[in-house]
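S.K.:
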Amino acid sequence: MGRLRRSGLSRHIIVSMSLMVIGVIVMMILSSWLLYAVLVEFFPGSTEEPEGWLPTGPELAWMVGVILTGLALAIAASFRLAHRILSPLNSLVDSVRALAGGDLGARASVEENSPGEVATLVEDFNAMARRLQHMESERAMWHAAIAHELRTPVTILRGRLQGLAEGVFQPDESQFRSLLAQVEGLSRLIEDLRVLSLSDNARLDVRRARTDVVAEVHSVMTLVDPQFRAAGFVLELETSREEHNAHCDPTRLRQALLALLENARRYASPGKVRIAVHDTPGHVQVTIEDEGPGIDPELHTDIFTPFMRADGSRSRQGGGSGLGLAVVKAIADAHGGRVYCTPGSAGGSRFVIELPRQ
Numbered sequence: 001m002g003r004l005r006r007s008g009l010s011r012h013i014i015v016s017m018s019l020m021v022i023g024v025i026v027m028m029i030l031s032s033w034l035l036y037a038v039l040v041e042f043f044p045g046s047t048e049e050p051e052g053w054l055p056t057g058p059e060l061a062w063m064v065g066v067i068l069t070g071l072a073l074a075i076a077a078s079f080r081l082a083h084r085i086l087s088p089l090n091s092l093v094d095s096v097r098a099l100a101g102g103d104l105g106a107r108a109s110v111e112e113n114s115p116g117e118v119a120t121l122v123e124d125f126n127a128m129a130r131r132l133q134h135m136e137s138e139r140a141m142w143h144a145a146i147a148h149e150l151r152t153p154v155t156i157l158r159g160r161l162q163g164l165a166e167g168v169f170q171p172d173e174s175q176f177r178s179l180l181a182q183v184e185g186l187s188r189l190i191e192d193l194r195v196l197s198l199s200d201n202a203r204l205d206v207r208r209a210r211t212d213v214v215a216e217v218h219s220v221m222t223l224v225d226p227q228f229r230a231a232g233f234v235l236e237l238e239t240s241r242e243e244h245n246a247h248c249d250p251t252r253l254r255q256a257l258l259a260l261l262e263n264a265r266r267y268a269s270p271g272k273v274r275i276a277v278h279d280t281p282g283h284v285q286v287t288i289e290d291e292g293p294g295i296d297p298e299l300h301t302d303i304f305t306p307f308m309r310a311d312g313s314r315s316r317q318g319g320g321s322g323l324g325l326a327v328v329k330a331i332a333d334a335h336g337g338r339v340y341c342t343p344g345s346a347g348g349s350r351f352v353i354e355l356p357r358q
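Residue 1 is where the sequence shown starts when you use the UniProt record's numbering, and the numbers rise one by one after that.
1) Pairing CB atoms from the segment 195-208 with CB atoms from the segment 171-183, are three or more of them under 8 Å?
2) According to the Cβ coordinates, are L92 and F125 closer than 8 Å?
3) Sort E354, S349, S16 by Cα distance to E298 and report the nearest one.
4) Is it buried or exposed for V352, if we count other Cβ within 10 angstroms and need 16 for buried?
5) Is it the case that the Cβ atoms of I275 and L325 are separated by a distance below 8 Å?
6) In angstroms with no decimal places, state the Cα-to-Cα distance between L35 and M17.
7) Short of 7 Å in beta carbon distance, which residues of its chain neighbour H247, apart from the five on each side in sequence? Order them along the chain.
8) Measuring CB to CB, does L196 end up less than 8 Å from L323?
9) Between R266, A127, D192, T251, which lies nearest to T305 when the distance is taken from Cα to Cα?
10) Nearest by alpha-carbon distance to T301: which of Q285, G101, Y340 is it?
11) Find out if the Cβ-Cβ distance for the pair E84, S114 is shorter than 8 Å.
12) Taking the C-alpha atoms as reference points, what is the distance between A231 and P270?
13) Would you check if the segment 275-295 and the segment 210-221 touch, i.e. whether three or more CB-CB distances between them fall below 8 Å?
14) Please state the DSSP three-state secondary structure of Q358.
15) So is V168 buried or exposed if we call it buried at 16+ other beta carbons inside 10 Å?
16) Tell me, please, whether the CB atom of T287 is closer than 8 Å to any CB atom in chain B?
17) Do the CB positions of V273 and V217 come within less than 8 Å of each other?
18) Taking just the CA atoms, how far does S187 sit from D333?
19) Thinking just about the alpha-carbon of each residue, which of R158, I288, G57 is nearest to the one in T342?
20) Among all the DSSP beta bridges, which residues are the ones paired with S349?
21) Go through its chain and collect everything with a Cβ distance to I67's Cβ below 7 Å, but skip five positions before and after it.
22) What does DSSP give as the partner residue(s) for A264 in the beta ladder?
23) Measuring alpha carbon to alpha carbon, tell me which residue in E111, G337, E136, I190 is nearest L89.
24) Can you grab the Cα-Cα spacing for the pair G105 / A256, in whole Å?
25) Roughly how many angstroms separate the alpha carbons of Y267 and D290, rounded to a whole number?
26) Buried or exposed: A144, going by 16 or more other Cβ atoms within 10 Å of its Cβ?
27) List, from N- to C-terminal side, the beta strand (DSSP E) runs of 3 residues or more that fit wholly inside the segment 230-278.
28) So what's D172 in DSSP terms, helix, strand or just coil?
29) I'd like to check one pair, S95 with A108: are the Cβ atoms closer than 8 Å?
30) Am I right that V328 and A259 are in contact with their C-beta atoms under 8 Å? What's the rounded C-beta distance?
31) Tell me where the alpha helix (DSSP H) around residue 359 begins and ends.
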């Protein structure tokens, strides 16, 4: 599609307005003659004879002058209207072609006096272009972050295996456990990436069933308790009754709980980690609260972005991949629930995940 040409839309506008002006003038003349005909037919003597209806020379000159003046005004108004419409549309066409050519920074411009519909079209295009630019930036960041996260365990595996092959390390149980830990870390990272990819495409599979949330929390606490005790943490459970049922996928629920608890183990100070299960209108609410150091309230939303951590960085100094909380959000969203973070009562962070009861 080429650039919009003034000879196209402008010609249509000029011809249309000129025909409208001529049509109005002709209708006025014909209606005047029709009026005279009615008067002569039904009211004889109320007007002059038909022979006097023909316009005189001055009257013809006046008619021609009116027609020419109307045409001139119509053409001038048409040019002005065409400019107001075509100027932003031409800018839009140029920006679309630039965007198609890979220039994601292309933006269309619009004048203040442009028609509202055209201005809205340009603004919507610019919003779409900004969104595409943001998505491309996020895609590039994702690729860099994924490569960074994969490189560390792969480098460790390669070094250990090379050392074993060359006799630098003894093939004892500790070496194999270290290698297994790196492989398990890679498996978790790959699974987290798979969950996020499915979530982005609205294809994350959740097999909902009536689930006792308290029982699932108990099973997860039993699983991670040795690691937490070794790190100086004490897990505490608080619930208003023995059973709280939610309509959710128990496997995904355990995955989300493990991610939230792992986040607390990695980044919170040793102490108590309180887990509470309560009912709210329409939902079952699971709360996990630590004793510090807490998260800046300005980051309470950003921490659920993939590869983001509480310090806003994308490094792995804390030992995690930065995907855990994003996975929790994906699981909550897939259930029609939500997850959020608030300051805790003990100076730490309070993570809340809500799942529908029905």
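Glycine is no exception: its CB is placed at the ideal position from the N, C-alpha and C atoms.
M.R.: The short version:
1) no
2) yes
3) S349
4) buried
5) no
6) 27 Å
7) R208, R210, P356, R357, Q358
8) yes
9) D192
10) Y340
11) In the sequence under discussion, the amino acid at residue 84 is Arg, which differs from the Glu named in the question. Against a cut-off of 8 Å, the Cβ pair of S114 and R84 comes out as a contact.
12) 7 Å
13) yes
14) coil
15) exposed
16) Of the chains in the structure shown, none is chain B; there is only one protein chain.
17) no
18) 23 Å
19) I288
20) P343
21) I22, I25
22) Partner(s): none; A264 has no beta bridge.
23) E111
24) 38 Å
25) 10 Å
26) exposed
27) 234-239, 245-248
28) coil
29) yes
30) 5 Å
31) The structure shown does not extend to residue 359, since the chain spans only 1 to 358, so no value can be given for it.
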